[in-house]
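J.:
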Amino acid sequence: RAVIAEGCVLDHCQVDRAVIGIRTQVRSGARITNSVLLGADYYNREVDDTGVPLGIGRDVVLDRVIVDKNARVGDGAKLVNTRGVQE
């Protein structure tokens, strides 16, 4: 139950009820649910000054989020609404 754009690289991850934008890279162990990832303008396997590669890192959990274009989410990050905040 997902829409995945062309050019994505999804490596042993779980995607459910999500829209994955063009050229998005999702590394192994990531879980993405109820989310929108806007993708990337280019492929980039190198890391920048932050040391985090472009895309979604290993073992990341995303639930009910919108990830902007060309974003970098580091390994093990968890972006979820555990407290159930509605506003």
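Residue 97 is where the sequence shown starts when you use our numbering, and the numbers rise one by one after that.
By construction, the Cβ of each residue, glycine as well, lies at the ideal position given by its N, Cα and C atoms.
1) With a threshold of 16 other CB atoms inside 10 Å of the CB of S131, please say whether the residue is buried or exposed.
2) Classify I152 as buried or exposed, calling it buried when 16 or more other Cβ atoms lie within 10 Å of its own Cβ.
3) Report the option in R179, A114, R141 and D144 whose CA atom is closest to the CA atom of R127.
4) Under three-state DSSP, which class holds V176?
5) H108 to V156, Cα distance in whole Å?
T.: The structure says:
1) As a first step, residue 131 is located in the sequence shown; it is residue number 35 there, counting from the start. Classification of S131: buried, given that the 10 Å Cβ count is 16 or more.
2) Position 56 of the sequence shown, counted from the first residue, corresponds to residue 152. Under this definition I152 is a buried residue.
3) As a first step, residue 127 is located in the sequence shown; it is residue number 31 there, counting from the start. The shortest Cα separation from R127 among R179, A114, R141 and D144 belongs to A114.
4) On the sequence shown, position 80 is the one that residue 176 refers to. Correct three-state label for V176: coil.
5) Taking the sequence shown and counting its residues from 1, one reaches residue 108 at position 12. Taking the sequence shown and counting its residues from 1, one reaches residue 156 at position 60. In a straight line, the C-alpha of H108 is about 12 Å away from that of V156.
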